[in-house]
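What follows is a set of notes on a single structure, which appears directly below.
Number of protein chains: 2
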Amino acid sequence: MKNHFIDRLRTSGLRPTKQRVEICKILFDRKETFHFTIDRLKKIIEKNTKSKISLATVYNTVHAFKNNGYVKEISLHGNKTFFDTNSENHHHLYDQETGDLLDIRNEDILLSKVPPLPKGKKIKKIEITISIENNSHNQKK
Amino acid sequence: MKNHFIDRLRTSGLRPTKQRVEICKILFDRKETFHFTIDRLKKIIEKNTKSKISLATVYNTVHAFKNNGYVKEISLHGNKTFFDTNSENHHHLYDQETGDLLDIRNEDILLSKVPPLPKGKKIKKIEITISIENNSHNQKK
DNA sequence: AATTAACTTATAATGATTCTAAAGTAGAAG
DNA sequence: CTTCTACTTTAGAATCATTATAAGTTAATT
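The listed protein sequences derive, respectively, from chains A and B. Convert by adding 378 to the 1-based position in the first sequence; the result is the number in the numbering used here. Convert by adding 378 to the 1-based position in the second sequence; the result is the number in the numbering used here.
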């Protein structure tokens with residue numbers, strides 16, 4: 379419920395405004411991971427509340443959530459930036475044909491060898507994206 | 379030398395213009411892999427030739443090379459698109475602090491388990507990016 | 001050399017993201 | 001409960017990367 383989000387915002391130093399709570403509802407009030415772009419999120423908010431929200435507010439709030447570790451930015455080709463409400467370390471299956479983006483569970487993937495790192499450096503993050511396509515592509519003749 | 383590039387362009391159906399040959403020299407006349415953004419490439423060309431080149435030409439040519447498999451687009455966070463003259467299947471080490479981007483050789487990395495794919499889909503491409511940072515971050519107390 | 005399709009160019013258009021400055025609101029203090 | 005202040009939201013302008021356009025230029029063919 380609402381209080382849950384308010385606590386979450388407070389502990390991040392964010393004032394629980396009407397807009398932020400509304401965004402929280404959409405992003406975090408769900409079982410499944412949610413992948414979104416800023417403008418899609420904006421459209422959903424406006425449909426849900428039947429009122430306008432400023433684009434800048436959506437950007438600011440999502441970035442605040444990102445900085446506080448509630449959402450994660452995803453690297454994909456293309457012009458728009460995607461975010462993911464699953465901020466744990468995990469990976470993605472991406473279908474460029476349909477635009478579908480699916481989380482890969484940690485137990486479903488295993489990187490068993492990593493390269494030597496430059497002196498004085500350590501791993502900060504590993505991102506694996508597996509792009510998929512229909513079986514019919516490049517079929518054997 | 380020059381003829382090498384001209385052949386390479388011809389076999390891709392690209393006319394070997396002055397500008398394209400110049401871009402070829404910068405991209406392919408080197409031992410090491412080269413990672414670049416469009417505007418950095420433009421600056422290098424202008425420095426080398428001491429004359430201007432149109433931004434649109436750089437974009438068009440790099441995209442033509444991409445479509446012909448001479449360069450590869452790299453997914454990284456951030457606003458600018460990076461390209462890589464190593465168009466083989468390979469992966470990257472990325473140091474966000476310095477902006478350094480290094481190729482990982484195929485024998486230095488091993489993905490030993492991949493997730494189940496949706497029905498009728500197959501793997502098209504796998505991209506792994508390992509972000510690194512200085513050892514001094516989050517040091518044990 | 002003449003012809004033509006491909007190419008380069010400068011500039012305009014677009015689209016995503018960020019900035020700005022003014023008006024609104026949450027929370028603290030009285 | 002009112003006042004005050006700092007934080008927020010907002011609309012619109014500004015910016016940045018990229019793509020489109022239309023006019024002039026060039027490579028290759030005759």
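Even for Gly, the Cβ is constructed at its ideal location relative to N, Cα and C.
Inter-residue spacing [alpha-carbon to alpha-carbon] between Asn-512 of chain B and Lys-425 of chain A = Using only the alpha carbons, I get a separation of about 45 Å.
Interface residues of chain A facing Asn-513 of chain B [CB-CB closer than 8 Å] = What Asn-513 of chain B touches in chain A: Gly-498, Lys-499 and Lys-500.
key: Whole runs of the alpha helix (DSSP H) within the stretch 420-481 of chain B, excluding any shorter than 4 residues   = Qualifying alpha helix (DSSP H) stretches, in chain order: 433-445.
task = Reducing DSSP to helix, strand and coil, say where Lys-499 of chain A ends up.
result = Three-state result, Lys-499 of chain A: strand.
ask   = For Asp-473 of chain A and chain B, any beta-carbon pair shorter than 8 Å?
value = Yes, contact with chain B.
key: chain B contacts made by the stretch 419-444 of chain A, where a contact means CB separation under 7 Å   = So the list is empty, because no residue satisfies the distance condition.
message = Among the candidates A:Lys-403, A:Lys-502, A:Leu-419 and A:Lys-396, whose CA atom is the shortest distance from the CA of Asn-382 of chain A?
response = The residue asked about is misnamed: residue 382 of chain A is His in this sequence, not Asn. Ranking the options by Cα distance to His-382 of chain A, first place goes to A:Lys-403.
query = So, does the CB of Pro-394 of chain A fall closer than 8 Å to a CB anywhere in chain B?
reply = No, Pro-394 of chain A does not count as interfacial toward chain B.
request  = Pair every Cβ in the stretch 469-479 of chain B with every Cβ in the stretch 469-479 of chain A, then say whether three or more of these pairs are closer than 8 Å.
outcome  = In short, these stretches do not touch, since the Cβ pair count stays below three.
query = Rounded to a whole number of angstroms, what is the C-alpha to C-alpha distance between Asp-385 of chain B and Gly-498 of chain A?
reply = Whole-angstrom Cα-Cα distance: 44 Å.
query = To which residues of the same chain is Lys-444 of chain A closer than 8 Å at the C-beta, ignoring the five residues directly before and after it?
reply = If you ignore the 5 residues before and after Lys-444 of chain A, its C-beta comes within less than 8 Å of the C-beta of Lys-450, Glu-451 and Phe-461, all in its own chain and listed in chain order.
Under 7 Å from the C-beta of Ser-490 of chain A: neighbouring residues of chain B = Leu-488 and Ser-490, listed in chain order.
task = Work out the CA separation of Ser-453 of chain A and Ile-510 of chain B for me, nearest whole Å.
result = Near 16 Å, if we compare the C-alpha coordinates of Ser-453 of chain A and Ile-510 of chain B.
task = Give the straight-line distance between the Cα atoms of Thr-435 of chain B and Glu-466 of chain B, rounded to the nearest whole angstrom.
result = The straight-line gap from Cα to Cα measures roughly 25 Å.
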